[in-house]
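Novice: Take a look at this one; I'll ask things after.
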Amino acid sequence: MRIYHLAAECYPIAKIGGLGDVVGALPKYQVKAGLQAAVVLPHYDRKFVHENKFDVVFRATNLFAGVRQDFEVWKESTDTLGFELYLIHIPGLLDRPEVYSYPDENEQFIAYQLAFLDWINWSQQSPDIIHCHDHHAGLIPFVLKYSAIYTRLANTPTVFTIHNGQYHGAFGYNKFKYLPEVDMRYAGLLDWAGAINPLASAVRCCSAYTTVSPSYMDELSWQSNGLEKLFQMERYRGVGIVNGIDSQVWDPAVDPMIPGKYSAKSFKKGKGDNKKELCKRFNLDPELPLISFIGRLVNDKGAELLAEAINRSISENPGKVNFLVLGTGDKVIERSIENLVPYQPDHYRTFIGYNEELSHLIYAGSDFLLMPSRVEPCGLNQLYSLRYGTVPMVHRTGGLRDTVIDFGDEGGYGICFDQTSVNDICYSVGRAITLYADKKHLDSLRTRMMELDFSWDRSAQQYIELYQRLINNI
Ligand code: ADP
9 MRIYHLAAEC
19 YPIAKIGGLG
29 DVVGALPKYQ
39 VKAGLQAAVV
49 LPHYDRKFVH
59 ENKFDVVFRA
69 TNLFAGVRQD
79 FEVWKESTDT
89 LGFELYLIHI
99 PGLLDRPEVY
109 SYPDENEQFI
119 AYQLAFLDWI
129 NWSQQSPDII
139 HCHDHHAGLI
149 PFVLKYSAIY
159 TRLANTPTVF
169 TIHNGQYHGA
179 FGYNKFKYLP
189 EVDMRYAGLL
199 DWAGAINPLA
209 SAVRCCSAYT
219 TVSPSYMDEL
229 SWQSNGLEKL
239 FQMERYRGVG
249 IVNGIDSQVW
259 DPAVDPMIPG
269 KYSAKSFKKG
279 KGDNKKELCK
289 RFNLDPELPL
299 ISFIGRLVND
309 KGAELLAEAI
319 NRSISENPGK
329 VNFLVLGTGD
339 KVIERSIENL
349 VPYQPDHYRT
359 FIGYNEELSH
369 LIYAGSDFLL
379 MPSRVEPCGL
389 NQLYSLRYGT
399 VPMVHRTGGL
409 RDTVIDFGDE
419 GGYGICFDQT
429 SVNDICYSVG
439 RAITLYADKK
449 HLDSLRTRMM
459 ELDFSWDRSA
469 QQYIELYQRL
479 INNI
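Each step along the sequence shown adds one to the number in my numbering, with nothing skipped, and position 459 is 467.
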């Protein structure tokens with residue numbers, strides 16, 4: 009079975025968040041399960057691309073808004089990732105360092121999708137499934153079905169996975185000219201609220217759509233940034249499949265980014281060594297419970313509440329708890345996080361920026377990981393923290409609801425709260441401090457959480473079953 013995954017991100021080439029982790033891991037596990045899985049990314053001018061060898065496997069010219077556009081398809085030649093990697097290279101459009109945020113982003117992603125389709129069309133390839141991730145690849149299901157140029161491929165099943173339903177990639181009809189000629193009787197399938205909406209179009213036109221947890225699939229019907237009606241109508245077609253983690257990259261027993269190695273059977277020394285290293289780096293007392301936050305500093309993550317909640321927690325529990333925040337995002341939130349440092353000089357540290365290596369040390373060296381997210385389609389941070397024996401403190405939403413059970417409930421291991429609010433965060437911090445004081449209980453929870461299986465093997469199998477159903481038309 010030959011699958012092409014299309015997405016804007018893929019670890020380690022280009023990762024901004026969880027989408028990158030998933031697209032860097034799922035194909036690897038599909039290959040392990042016997043599939044021919046390949047990833048097709050836009051070409052980015054980034055470290056991985058410079059440090060690895062690529063061959064040009066296809067070169068052509070197409071028409072983009074009536075203008076001739078040259079493009080190439082590059083293939084990574086050593087198979088270093090465990091799956092085939094292809095890059096769509098378009099001089100002047102797809103040859104830049106950043107993944108997002110260019111003013112001509114819509115043109116970039118449209119050109120990427122059309123070049124991919126032209127490549128497989130002209131080179132007479134017949135994939136069994138085209139798996140599109142998020143709105144950056146959301147026009148493919150429509151174009152495949154309703155553009156005569158791709159008639160040969162029109163019956164190829166398409167799967168569309170929503171990693172974040174808040175972002176739709178919508179744009180105005182002034183950009184319609186960038187699309188190929190389509191059957192205008194069906195052009196309404198591109199539209200939502202008077203704009204071309206790639207996410208809405210993909211949900212309507214794909215063979216099957218999924219999202220990254222069952223709870224998030226339900227939530228989309230009442231919280232999807234204007235697409236609620238669509239998801240209410242299409243709910244019956246959707247499947248929620250919880251993400252896995254790449255247990256080769258995220259394994260405290262062998263992780264090269266942490267000094268202390270450990271496993272569920274023996275974690276005290278290794279985890280302790282990581283905490284010492286982390287606290288040394290940030291000049292914090294390793295004897296106190298360390299609560300960390302890692303993530304994009306945006307409202308969806310509840311990040312605008314962090315400064316107030318941390319300030320209040322430290323003030324209400326003097327000398328009893330430390331906090332560390334790693335993140336980047338909204339400049340106003342970044343400033344609020346940084347501005348607190350001089351007010352809590354002994355118990356609070358921050359690192360504003362993106363740092364993969366530091367994130368591994370924080371998962372391994374912290375006692376608790378705070379996730380007050382308002383929206384969390386799946387969430388990977390809590391899965392990494394479980395794997396590293398770090399108690400997740402989560403708002404019960406989306407994938408957090410599906411993967412974390414409160415330690416007060418039967419079989420539980422985490423700390424859960426019901427609202428993204430300063431009060432709920434502070435109350436949970438109090439519970440964390442009490443739990444930390446009961447070392448025996450904490451250690452038993454650590455063993456329990458580290459033994460949980462959130463590896464991709466199980467989730468990858470659910471995708472394979474879905475592909476098989478589509479190919480066999482059941
Ligand atoms: P989202 O995709 O919404 O950002 P996820 O929980 O799905 O959230 O994935 C977040 C991923 O990004 C995790 O791998 C997390 O460790 C990583 N991450 C987020 N912010 C940073 C940062 N500042 N430095 C390093 N890694 C980060």
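We treat Cβ as the ideally placed atom computed from N, Cα and C, and that holds for glycine.
1. Spatial neighbours of W258 within its chain, please: C-beta separation below 7 Å, excluding the five flanking residues on both sides.
2. Starting from Q470, follow the alpha helix (DSSP H) in both directions and report where the run begins and ends.
3. Is any heavy atom in the ligand ADP found nearer than 7 Å to the beta carbon of L27?
4. Whole alpha helix (DSSP H) runs in the segment 10-63 with 4 or more residues, listed along the chain?
5. Could you tell me the distance, in whole angstroms, from the CA atom of A445 to the CA atom of N282?
6. Considering only their Cβ atoms, is the gap separating L147 from Q121 smaller than 8 Å?
7. Which value, in whole angstroms, describes the spacing of the CA atoms of N347 and A45?
8. In chain order, what residues of the same chain have a beta carbon less than 8 Å from the beta carbon of V399, not counting five sequence neighbours either side?
9. What is the rounded straight-line gap between the Cα of T159 and the Cα of F72?
10. Give every residue of the same chain whose Cβ lies closer than 8 Å to the Cβ of V167, excluding the five residues on either side of it in the sequence, and list them in chain order.
11. So is the beta-carbon of T218 under 7 Å away from any non-hydrogen atom of the ligand ADP?
12. If you pair each beta-carbon of the segment 347-361 with each one of the segment 196-203, do three or more pairs fall below 8 Å?
13. Using only alpha-carbon positions, find the residue among G246, R404, L187, Y371 that is nearest to G268.
14. Flag T358 as yes when its Cβ comes closer than 7 Å to any non-hydrogen atom of the ligand ADP, and as no otherwise.
15. Helix, strand or coil for Y371 per DSSP?
16. Does the beta-carbon of Y244 have 16 or more other beta-carbons within 10 angstroms, so that it is buried, or is it exposed?
17. Report yes if the CB atom of K328 is closer than 8 Å to the CB atom of L296, and no otherwise.
18. Near G310, which residues of its chain fall below 6 Å by C-beta distance, leaving aside the five closest residues on each side in sequence?
19. Output the distance between the C-alpha atoms of G100 and F79, rounded to the nearest integer angstrom.
20. Buried or exposed, going by whether 16 or more other CB atoms sit within 10 Å of the CB of A261?
21. Which first and last residues belong to the alpha helix (DSSP H) in which V430 is found?
22. Let me check one thing: in DSSP terms, what residues is Q121 bridge-paired to?
23. Let me confirm a value: A22 is counted as buried when at least 16 other C-beta atoms fall within 10 Å, else exposed. Which label applies?
24. I'd like to know if the segment 230-240 and the segment 169-187 are in contact, where contact means that at least 3 CB-CB pairs between them fall below 8 Å.
25. Just reading off the alpha helix (DSSP H) that G177 is part of, what are its end residues?
26. Does the beta-carbon distance from Y220 to T164 come in below 8 Å?
27. Does D417 pass the burial test, meaning 16 or more other C-beta atoms within 10 Å, or should it be called exposed?
28. Give the single residue among Y356, Y110, E342 whose Cα lies nearest to the Cα of Y362.
29. Need the endpoints of the beta strand (DSSP E) that C140 sits in, please.
30. Determine the closest residue to G28 out of F290, N480, D254, with distance taken between C-alpha atoms.
31. Just the Cα atoms here: how many angstroms apart are S223 and D410?
32. Whole angstroms is fine: what's the gap from L43's alpha carbon to I24's?
33. Since I believe G252 is in contact with F462 (beta carbons under 8 Å), could you give me their beta-carbon distance rounded to a whole number of angstroms?
34. Would you call Y498 buried or exposed, if buried means 16 or more other Cβ atoms sit within 10 Å of its Cβ?
35. Quick one: what does DSSP say M265 is sitting in, helix, strand or coil?
36. Under 7 Å Cβ to Cβ from S85, same chain only, skipping five residues before and after it: list those, please.
Specialist: Let's see:
1. Your numbering for residue 258 matches position 250 in the sequence shown. Around W258: Y392, R395.
2. As a first step, residue 470 is located in the sequence shown; it is residue number 462 there, counting from the start. Here the alpha helix (DSSP H) through Q470 covers 464-479.
3. The residue you call residue 27 lines up with position 19 of the sequence shown. Yes, the Cβ of L27 comes within 7 Å of a heavy atom of the ligand ADP.
4. 26-40, 55-59
5. Sequence index remark: in the sequence shown, residue 445 carries index 437 (1-based). Sequence index remark: in the sequence shown, residue 282 carries index 274 (1-based). Cα to Cα, A445 sits roughly 19 Å from N282.
6. The residue given as residue 121 occupies position 113 in the sequence shown. The residue given as residue 147 occupies position 139 in the sequence shown. Yes, Cβ-Cβ distance for Q121 and L147 is below 8 Å.
7. Here residue 347 is taken as the residue at index 339 of the sequence shown, counted from 1. Here residue 45 is taken as the residue at index 37 of the sequence shown, counted from 1. Computed Cα separation, rounded: 46 Å.
8. Within the sequence shown, the letter at position 391 stands for residue 399. Counting only Cβ-Cβ distances below 8 Å, and skipping sequence neighbours, we find D375, F376, L377, S393, F415, Y421, G422, I423, A440, L443, L450, L453, R454, M457.
9. Here residue 159 refers to the residue found at position 151 when the sequence shown is read from its first residue. Here residue 72 refers to the residue found at position 64 when the sequence shown is read from its first residue. In a straight line, the C-alpha of T159 is about 19 Å away from that of F72.
10. Locating residue 167 in the sequence shown gives position 159, counting from the first residue. So the list reads I137, I138, H139, C140, C214, S215, A216, Y217, T218, Y471, L474, Y475, L478, once near-sequence residues are dropped.
11. For the purposes of this step, residue 218 is taken as the residue at position 210 of the sequence shown. False, no ligand heavy atom lies under 7 Å from that Cβ.
12. no
13. For the purposes of this step, residue 268 is taken as the residue at position 260 of the sequence shown. Of G246, R404, L187, Y371, the residue nearest in Cα terms is Y371.
14. As a working note, residue 358 is residue 350 in the sequence shown. False, no ligand heavy atom lies under 7 Å from that Cβ.
15. The residue given as residue 371 occupies position 363 in the sequence shown. Y371: helix per DSSP, three-state reduction.
16. As a working mapping, residue 244 is identified with position 236 in the sequence shown. It is exposed - the Cβ of Y244 has fewer than 16 other Cβ atoms within 10 Å.
17. The count along the sequence shown starts at 1 and reaches residue 328 at position 320. The count along the sequence shown starts at 1 and reaches residue 296 at position 288. Result yes, Cβ atoms of K328 and L296 sit closer than 8 Å.
18. Mapped onto the sequence shown, residue 310 falls at position 302. Taken in chain order, the residues that qualify are P380, S381, R382, T428.
19. Mapped onto the sequence shown, residue 100 falls at position 92. Mapped onto the sequence shown, residue 79 falls at position 71. Each residue's alpha carbon lies about 10 Å from the other.
20. In the sequence shown, the residue the question calls residue 261 occupies position 253. So A261 counts as exposed.
21. Reading the sequence shown from its first residue, position 422 is the one you call residue 430. Element bounds for V430: 430-445.
22. Residue numbering aside, residue 121 sits at position 113 when the sequence shown is read from its first letter. DSSP lists no partner for Q121.
23. Locating residue 22 in the sequence shown gives position 14, counting from the first residue. Classification for A22: buried.
24. yes
25. Position 169 of the sequence shown, counting from 1, holds the residue named residue 177. First-last for G177: undefined, no H or E at that position.
26. Working through the sequence shown from its first residue, we reach residue 220 at position 212. Working through the sequence shown from its first residue, we reach residue 164 at position 156. Note on residue identity: the sequence assigns Val, not Tyr, to residue 220. No.
27. Residue 417 sits at position 409 when you count from the first residue of the sequence shown. Answer is exposed; the Cβ neighbour count stays below 16.
28. By 1-based counting over the sequence shown, the position of residue 362 is 354. Looking at the Cα atoms, E342 is the closest of the given residues.
29. Looking up residue 140 in the sequence shown gives position 132. 137-141 is the span of the beta strand (DSSP E), which, as asked, contains C140.
30. In the sequence shown, counting from the first residue as 1, residue 28 sits at position 20. Taking only the C-alpha atoms, the option nearest G28 is D254.
31. Along the sequence shown, one-based indexing puts residue 223 at 215. Along the sequence shown, one-based indexing puts residue 410 at 402. Each residue's Cα considered, the two are about 7 Å apart.
32. Position 35 of the sequence shown, counted from the start, is the residue given in the question as residue 43. Position 16 of the sequence shown, counted from the start, is the residue given in the question as residue 24. If you take the alpha carbons of L43 and I24, they lie about 27 Å apart.
33. Locating residue 462 in the sequence shown gives position 454, where the first residue counts as 1. Locating residue 252 in the sequence shown gives position 244, where the first residue counts as 1. Correct: roughly 6 Å between the Cβ atoms.
34. Look at the range of the chain in this structure, 9 to 482, and you will see that residue 498 is not part of it.
35. If you number the sequence shown from 1, residue 265 lands on position 257. The answer is coil: DSSP assigns M265 none of H, G, I, E or B.
36. Position 77 of the sequence shown holds residue 85. Correct list, in chain order: K61, F62, D63.
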